[in-house]
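Quick note: the sequence shown uses numbering that gives the first Met the number 0, first residue 0, plus one each step.
Each residue gets a CB set at the ideal place from its N, CA and C atoms; glycine is no exception.
Being a predicted model, the structure only gives us computed values, none of them experimental.
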Amino acid sequence: MIVMKFGGTSVESRGAIDRVAGIVRERIDQHPVVVVSAMGKTTNKLLAIAATAVKGERDRATHALAELREFHLHESHGLPVESAVQSHFEELGELIKDLAALGEFTPRASDAVSSYGERLSSLIVASVFEDWGIDAVHLDSRRVIVTDDRHTQAAPIFAPTNARLEQIIPGLMRGPEPANKRVIVMGGFMGATVDGVTTTLGRGGSDYTASIVGSGIDAEEIQIWTDVDGMLTCDPTILEGGYRVKACSFAEAAELAYFGAKVLHPATVLPAIEKNIPVRILNSRRPESEGTLIAEEAPDCADPIRSIACKRNITLVNIVSTRMLMAHGFLRRIFEVFDRFETPVDMLATSEVSVSLTIDNPRALAAIRAELETFADVGIEEHHAILCLVGENIGRTPGVAARVFCALRDVNVRMVSQGASLLNISLAVASSDVRRAVESLHREFFANPDPAAFE
Ligand code: ADP
Ligand code: ASP
Ligand code: MG
């Protein structure tokens with residue numbers, strides 16, 4: 000068995016879904032379970048419609064919902080699934096009406112609304128597969144992916160999830176004799192609590208669904224089909240011309256994903272690591288490309304850096320307290336505050352009386368600042384980014400830091416940290432310096448990339 004996950008652009012239209020059907024049909028002997036994202040930018044649109052309704056702009060919300068319905072009906076035209084699409088939009092219409100009346104958009108309501116993207120796309124994809132002569136069956140992910148109730152950021156609960164996957168998938172997949180080759184199609188991103196309330200795994204979470212399913216069914220491979228050739232040596236939205244990384248380790252991929260390589264949801268590799276299941280990133284527009292293979296160990300490479308990730312919209316928090324000179328407990332007090340407001344810290348630099356750190360979720364920043372100011376002076380700088388150079392060779396190659404700083408001689412580097420894992424060097428820079436910095440670093444480290452490792 001393999002899991003094949005297709006992202007938003009890979010299922011953005013009927014034409015794109017036809018391409019997916021072709022890709023799946025060629026791999027039918029590997030017994031694929033297909034996980035799909037919402038079509039194109041549907042999730043963004045659903046959330047925007049709900050927000051508009053909550054603001055009281057009911058007509059605008061109704062109009063935008065009608066447009067989204069027309070789009071889905073157009074792309075599923077002529078398929079037996081058309082009436083199911085209609086009735087999903089009727090339900091959605093009711094939900095949006097309730098939100099407008101209530102004037103409140105709770106995280107639970109957000110999940111109820113945004114899950115429709117994947118509920119619709121998975122139905123349509125299964126129906127297109129049937130149209131292509133593939134024996135396909137739709138599975139509502141909420142029957143198998145059990146999560147906690149942290150709406151919009153729910154975490155899977157693995158014991159019941161795995162039990163349900165084991166119980167449902169093999170039987171459903173078997174299909175009628177003699178072919179025994181039925182393809183299961185399910186939506187990514189969503190799940191349900193043990194009580195059956197719809198949840199989502201956080202934005203970009205369909206990758207995570209794929210690896211949860213892959214690990215639950217002991218798949219041979221988890222494939223993430225997207226719109227680029229694989230993990231690239233730099234974020235293509237910042238700098239064109241990056242190379243395809245042929246292979247990297249789980250640890251490297253996890254680090255890159257956490258520090259902004261959007262091609263993988265940060266939690267994706269975790270279930271794969273546990274069962275040692277390889278993850279492959281592939282391009283649905285160029286299925287012949289080999290993609291990036293992510294496995295326990297990557298083949299050795301002559302270069303120290305595998306790729307440069309970038310996490311944007313970072314806020315720098317500078318905390319200074321001369322009263323803490325020679326005193327202990329300063330860091331504990333600071334971290335207690337961030338902990339209490341459930342705000343993760345990404346990067347940290349300390350001196351005797353000052354601490355600089357970065358956060359990417361400023362939701363509770365005003366309250367955090369007020370608490371910190373009871374014992375320290377606090378400075379806040381928005382519009383920053385973290386650049387993260389990742390590679391298992393960093394720890395064994397002398398001179399990498401020198402090359403980094405040489406390449407960035409004209410850039411104001413605000414913070415530096417070499418990760419404790421010896422796997423990364425992270426730098427905080429102003430947003431306005433990101434492109435220039437990535438360009439310089441890429442030129443420095445990928446002028447002549449090892450052809451065995453990059454293409
Ligand atoms: P999908 O809808 O298939 O899940 P995403 O938009 O979530 O696709 O992720 C793919 C995108 O990730 C690419 O189009 C690219 O812009 C972005 N990306 C950021 N960093 C990298 C990187 N290092 N390598 C490849 N893609 C990256
Ligand atoms: N559709 C969801 C999102 O846009 C999940 C995903 O695409 O992975 O965040
Ligand atoms: Mg994605």
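Nearest residue (CA-CA) to residue i, options the options
{"i": "D147", "options": "P270, T199, E370 and R13", "result": "T199"}
{"i": "R413", "options": "T151, V278 and L426", "result": "L426"}
{"i": "I385", "options": "T396, G418, R395 and V127", "result": "G418"}
{"i": "V182", "options": "V193, L330 and G170", "result": "G170"}
{"i": "H382", "options": "S431, A401 and E351", "result": "S431"}
{"i": "S350", "options": "A162, F329 and H30", "result": "F329"}
{"i": "G378", "options": "T314, N360 and S120", "result": "T314"}
{"i": "R141", "options": "A326, A153, A252 and N423", "result": "A153"}
{"i": "M185", "options": "R243, S121 and I237", "result": "S121"}
{"i": "V336", "options": "N312, I307 and A369", "result": "A369"}
{"i": "F374", "options": "F334, P343 and E93", "result": "F334"}
{"i": "R402", "options": "V34, E372 and A436", "result": "A436"}
{"i": "Y207", "options": "M3, F445, E438 and N423", "result": "M3"}
{"i": "A52", "options": "L98, K44, T42 and G92", "result": "L98"}
{"i": "V32", "options": "N360, G39 and E219", "result": "E219"}
{"i": "I144", "options": "P177, A209, L119 and A100", "result": "A209"}
{"i": "S86", "options": "A63, L119 and A252", "result": "L119"}
Start and end residues, beta strand (DSSP E) containing residue i
{"i": "F334", "result": "It is not in any beta strand (DSSP E) - F334 instead sits in the alpha helix (DSSP H) that spans F329 to R339."}
{"i": "S306", "result": "S306 to V319"}
{"i": "N161", "result": "Per DSSP, N161 belongs to no beta strand (DSSP E); it is in the alpha helix (DSSP H), F157 to R173."}
{"i": "V136", "result": "A135 to L138"}
{"i": "N282", "result": "V278 to N282"}
{"i": "L426", "result": "N423 to A429"}
Near the ligand MG: residue i beta-carbon under 7 Å from a heavy atom
{"i": "K310", "result": "no"}
{"i": "D234", "result": "no"}
{"i": "K40", "result": "no"}
{"i": "G116", "result": "no"}
{"i": "G186", "result": "no"}
{"i": "G201", "result": "no"}
{"i": "H87", "result": "no"}
Residue i Cβ short of 7 Å to the ligand ASP heavy atom set
{"i": "S283", "result": "no"}
{"i": "A191", "result": "no"}
{"i": "G55", "result": "no"}
{"i": "D228", "result": "no"}
{"i": "A37", "result": "yes"}
{"i": "G213", "result": "no"}
{"i": "S205", "result": "yes"}
Residue i - containing alpha helix (DSSP H), residue span
{"i": "V80", "result": "It is not in any alpha helix (DSSP H) - V80 carries neither H nor E in the DSSP assignment."}
{"i": "A326", "result": "It is not in any alpha helix (DSSP H) - A326 carries neither H nor E in the DSSP assignment."}
{"i": "A191", "result": "Per DSSP, A191 belongs to no alpha helix (DSSP H); it is in the beta strand (DSSP E), M189 to A191."}
{"i": "A246", "result": "Per DSSP, A246 belongs to no alpha helix (DSSP H); it is in the beta strand (DSSP E), A246 to S248."}
{"i": "T42", "result": "T41 to V53"}
{"i": "V19", "result": "R13 to E25"}
{"i": "S121", "result": "P106 to D130"}
{"i": "T208", "result": "S205 to G215"}
{"i": "K274", "result": "V268 to K274"}
Residue i: CB within 7 Å of a non-hydrogen atom of the ligand ADP
{"i": "D148", "result": "no"}
{"i": "S120", "result": "no"}
{"i": "T8", "result": "yes"}
{"i": "L46", "result": "no"}
{"i": "V32", "result": "no"}
{"i": "S306", "result": "yes"}
Between the CA atoms of residue j and residue i - distance to the nearest angstrom
{"i": "R59", "j": "Y115", "result": "19 Å"}
{"i": "L292", "j": "D228", "result": "11 Å"}
{"i": "R68", "j": "V433", "result": "39 Å"}
{"i": "F404", "j": "E443", "result": "10 Å"}
{"i": "E25", "j": "I272", "result": "27 Å"}
{"i": "N392", "j": "F453", "result": "15 Å"}
{"i": "H137", "j": "V84", "result": "14 Å"}
{"i": "V268", "j": "A108", "result": "29 Å"}
{"i": "S214", "j": "G187", "result": "15 Å"}
{"i": "H30", "j": "G14", "result": "23 Å"}
{"i": "T192", "j": "L407", "result": "48 Å"}
{"i": "E239", "j": "V112", "result": "35 Å"}
{"i": "N282", "j": "I48", "result": "30 Å"}
{"i": "F70", "j": "I123", "result": "12 Å"}
{"i": "G390", "j": "S355", "result": "25 Å"}
{"i": "A250", "j": "L421", "result": "11 Å"}
{"i": "C387", "j": "E81", "result": "46 Å"}
{"i": "D134", "j": "V23", "result": "11 Å"}
{"i": "T321", "j": "V352", "result": "6 Å"}
{"i": "H327", "j": "I318", "result": "15 Å"}
{"i": "R163", "j": "D376", "result": "52 Å"}
{"i": "F340", "j": "A256", "result": "24 Å"}
{"i": "C300", "j": "L78", "result": "49 Å"}
{"i": "A20", "j": "W224", "result": "13 Å"}
*Those runs of the beta strand (DSSP E) which lie wholly inside the stretch 355-400 and span at least 3 residues*: 376-389
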